[in-house]
Amino acid sequence: MQKNNKTAKPASPGAALLLGALGVVYGDIGTSPLYTLKASLSVYGGQVDHQDVIGVLSILFWLLILVVSIKYVLFMLRADNKGEGGILALMELAIRGAGGRHRLWLIVMGIFGACLFYGDSIITPAISVLSALEGIGVVSHALDKWVVPLSVIVIIGLFWIQSRGTGAMGKLFGPVMLLWFFSLALFGIWNIIRYPGVLQALNPLFALAYVIQDPLHSFLLLGYVVLALTGAEALYADMGHFGRPAIKRVWFWLVLPALLLCYFGQGAAVLMDPAVLDNPFYLSLPSFALWPMLVLATLATVIASQAVISGAFSVTRQAVQLGFWPHMEISHTSDKEKGQIYLHTVNRLLLMAVLFLVLVFQSSEHLAHAYGFAVTGTMLMTSILAFRVLPRRFRGIRHILVFLMVLVFLLIDILLFSANALKIAEGGWIPLVVGLLLFTMMMTWYKGRAYLSAMQMKNQQALEPFLELLMQDQITRVPGTAVFMSAHEGRVPSALLHNLKHNKVLQRQLVFLTVKGRDEPYVTENKRYVFENIANNAWQLVLFYGFKEDPNVPEVLGRIAIEHPEIDLSEMQTSYFVSRQSIVLSRKGALHTQWLKSLFTLMSKNAMRSTRYYKIPPNRVIEMGMQIEL
Numbered sequence: 004m005q006k007n008n009k010t011a012k013p014a015s016p017g018a019a020l021l022l023g024a025l026g027v028v029y030g031d032i033g034t035s036p037l038y039t040l041k042a043s044l045s046v047y048g049g050q051v052d053h054q055d056v057i058g059v060l061s062i063l064f065w066l067l068i069l070v071v072s073i074k075y076v077l078f079m080l081r082a083d084n085k086g087e088g089g090i091l092a093l094m095e096l097a098i099r100g101a102g103g104r105h106r107l108w109l110i111v112m113g114i115f116g117a118c119l120f121y122g123d124s125i126i127t128p129a130i131s132v133l134s135a136l137e138g139i140g141v142v143s144h145a146l147d148k149w150v151v152p153l154s155v156i157v158i159i160g161l162f163w164i165q166s167r168g169t170g171a172m173g174k175l176f177g178p179v180m181l182l183w184f185f186s187l188a189l190f191g192i193w194n195i196i197r198y199p200g201v202l203q204a205l206n207p208l209f210a211l212a213y214v215i216q217d218p219l220h221s222f223l224l225l226g227y228v229v230l231a232l233t234g235a236e237a238l239y240a241d242m243g244h245f246g247r248p249a250i251k252r253v254w255f256w257l258v259l260p261a262l263l264l265c266y267f268g269q270g271a272a273v274l275m276d277p278a279v280l281d282n283p284f285y286l287s288l289p290s291f292a293l294w295p296m297l298v299l300a301t302l303a304t305v306i307a308s309q310a311v312i313s314g315a316f317s318v319t320r321q322a323v324q325l326g327f328w329p330h331m332e333i334s335h336t337s338d339k340e341k342g343q344i345y346l347h348t349v350n351r352l353l354l355m356a357v358l359f360l361v362l363v364f365q366s367s368e369h370l371a372h373a374y375g376f377a378v379t380g381t382m383l384m385t386s387i388l389a390f391r392v393l394p395r396r397f398r399g400i401r402h403i404l405v406f407l408m409v410l411v412f413l414l415i416d417i418l419l420f421s422a423n424a425l426k427i428a429e430g431g432w433i434p435l436v437v438g439l440l441l442f443t444m445m446m447t448w449y450k451g452r453a454y455l456s457a458m459q460m461k462n463q464q465a466l467e468p469f470l471e472l473l474m475q476d477q478i479t480r481v482p483g484t485a486v487f488m489s490a491h492e493g494r495v496p497s498a499l500l501h502n503l504k505h506n507k508v509l510q511r512q513l514v515f516l517t518v519k520g521r522d523e524p525y526v527t528e529n530k531r532y533v534f535e536n537i538a539n540n541a542w543q544l545v546l547f548y549g550f551k552e553d554p555n556v557p558e559v560l561g562r563i564a565i566e567h568p569e570i571d572l573s574e575m576q577t578s579y580f581v582s583r584q585s586i587v588l589s590r591k592g593a594l595h596t597q598w599l600k601s602l603f604t605l606m607s608k609n610a611m612r613s614t615r616y617y618k619i620p621p622n623r624v625i626e627m628g629m630q631i632e633l
């Protein structure tokens, strides 16, 4: 029989999947026209000529092509971690095979990029909602005073609904965004027809000539034009939900054309009437469309905000699973979609931060100074990690070509980041402070846990020889099954030693449980656990979970009970023994400064208990206290 060696082509994404990708992935970048051109042309001080407008549009156009279309859609979507994207998934790919300082620096860049994403998560809702509601000032300046109060109401409502899930509202995301992009394209065409000369900006030679004529001004301009790229990371981060084909098709078929038509239409309106500079988005619309677009823009910005809030939840869960953040309570808001999660603490902190920005800056123009730094910082870290990952996926001449392309992306991102670094004093310090604070906390937790784990590993005995000696002793055995949880397989858990020391009894059946995280998003069920007999009535169980999964120990034990009926894992007969660690500060240890040790101790005290995180019934848990020096 003849073998078919041809690789089957992936099925084409259906309309529902394409509509879902449109609603979730493109909300952030899709609402950029509300403020990008206004912020970019503001650097001219209210006096712009034909060459300035065409120059800005040309630079904006080619950045969308080079950074979003080529870098992210055509290249970064290929750097997937078993179908998942995002900077933490990319970091896990980059550190494979790396060691020593090289590995540490890759981790530092990945974590710092993820921390800057939180800066994006607090600025996006603030600037998006403000820019949408500023349209009421176009109707009448008497309504300007209502922009901030209405923004506060919309934002509070947005964060309030998070705990209730976005499943029902999510069904409206796609249709609303479809109407939004259709409207952007329609009114863009209307303005371009009235002033077709704006299409000169499509010529790359015009952008090049504009940069050569005034390189310093063009460099400063990058700090504002980059606002058109906000949301590019979402293309990569949301790949696991919709797949590369759906994201790619929606971008090239609808989103990119609609955005370009909208930007060029705004440019045409400015060239026809300089007064449009006050608000190029709303003032470029025909009068009859003002109120409908105001409502539609508000809905679109809520959707854009929802995407980054959900992204912050997802990044936090990944950080917990990868060991960079303490255990947190994660609520699932949908029985069908495992990606829909809610983190109360993260939601509350984001709400307070967003309201602070709205009340302090009070306009999208002021917030534009702060926005670009977080976006370009994350994009730069992504390019650095991609420099290690992408070329390895190709061979021969393609390897060299991809290497050169990633080098070009890296140079572009360095330029964009440098231009936005100049705006740190004007607001860029906000995402920088947020990023540095979270980075310090994440690396402190990672390093502190690694030190404690190494110390425990050093002091623990090998499990099997210990059990052989234990079985020879005349220790009192009682009915039931004891599950001893330990961070290290094959080692004697501290909880076992403390139980023997204080209670002087041992259950008849013993299970030694270790939960491990994998550097992949999901673990298939046939590789979920390894279960082996290591002594008479004693078993070693190792569970594996990906960085986008939530561990559930009782669920797996239920499966084992069915497959191994000789073990009594019924709820009334099973007790879980865990060590409750109390940290004692010392002058030595991994964290060399006292304030870092105090920070780690504070994080440990406020961390969710591991038994609750692993969904173990609290009435079956026996905690054994122990002290560890840090």
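Numbering-wise, our numbering puts 192 at position 189 of the sequence shown, and it's gapless, one number per residue.
Using N, Cα and C, we set each Cβ at its ideal position, and we do this for glycine too.
All values derive from a computational prediction rather than experimental measurement.
Three-state secondary structure (DSSP) of residue i
i      : result
Asn8   : Residue confidence for Asn8 is low, a pLDDT of 42 falling below 50, so the modelled location carries little weight; the figure read from the coordinates is stated next. Of the three classes helix, strand and coil, the one that applies to Asn8 here is coil, per DSSP.
Trp328 : coil
Thr233 : coil
Phe397 : coil
Gly102 : coil
Leu425 : coil
Glu569 : coil
Asn350 : helix
Pro13  : In this prediction, Pro13 scores a pLDDT of 49, lower than 50, which makes its location untrustworthy; the coordinate-derived value is nonetheless stated afterwards. If DSSP states are grouped into helix, strand and coil, Pro13 belongs with coil.
Val559 : helix
Met445 : helix
Val514 : strand
Thr614 : helix
Val508 : strand
Thr479 : strand
Glu471 : helix
Asn206 : coil
Ser489 : coil
Whole-Å CB distance - residue i paired with residue j, under 8 Å assumed
i      : j      : result
Ile139 : Trp149 : 6 Å
Val273 : Val56  : 6 Å
Phe442 : Ile90  : Between Ile90 and Phe442 the Cβ distance is about 13 Å, and since that is not below 8 Å, they are no contact.
Gly94  : Leu109 : Looking at the sequence provided, one finds Met at residue 94 rather than Gly. Right, the Cβ-Cβ distance comes to about 7 Å (below 8 Å), so this counts as a contact.
Leu280 : Ile126 : That belief does not hold up - the Cβ atoms of Leu280 and Ile126 are roughly 23 Å apart, past 8 Å.
Thr614 : Val581 : 6 Å
Within 8 Å, strictly: CB atoms of residue i and residue j
i      : j      : result
Leu44  : Ser366 : no
Phe515 : Gln543 : yes
Leu354 : Gly520 : no
Trp141 : Tyr285 : With the sequence shown as reference, residue 141 is identified as Val, and Trp is not the correct amino acid for it. Yes, the pair counts as a contact, with Cβ atoms nearer than the cut-off.
Ser287 : Asn194 : yes
Gly191 : Ile32  : no
His491 : Thr517 : yes
Phe406 : Pro394 : yes
Ile333 : Asp123 : no
His1   : Ala610 : Past the edges of the chain, shown from 4 to 633, lies residue 1, and the structure says nothing about it.
Leu230 : Gly375 : yes
His372 : Gly314 : no
Leu161 : Gln54  : no
Thr381 : Leu136 : no
Leu466 : Ile570 : no
Met180 : Gly30  : yes
Beta-bridge pairing of residue i - partner residues as DSSP gives them
i      : result
Glu87  : Asn84
Phe547 : Lys519
Tyr345 : Ser334
Tyr532 : Leu546
Val141 : BP columns for Val141 are empty, so no partner.
Thr577 : Thr484
Met627 : Ser582
Arg494 : Ala465
Ala538 : Ala541
Thr527 : Its beta-bridge partners do not exist; DSSP assigns none.
Residue i CB to nearest heavy atom of the ligand HEM below 7 Å
i      : result
Thr385 : Only the bare structure without any ligand can be found here, which leaves the ligand HEM out of the picture.
Minimum Cβ-Cβ distance from residue i to chain D less than 8 Å
i      : result
Ser334 : Included in the structure is just one protein chain, with no chain D present.
Curious, which full-length alpha helix (DSSP H) runs of at least 4 residues does the region 264-337 contain? If we require 4 residues or more, the alpha helix (DSSP H) runs fully inside the region 264-337 come out as 283-286, 293-324.
Considering only residues of the region 25-79, which uninterrupted beta strand (DSSP E) runs meet the minimum length of 3 residues and lie entirely inside it, listed in chain order? Here no run is fully enclosed.
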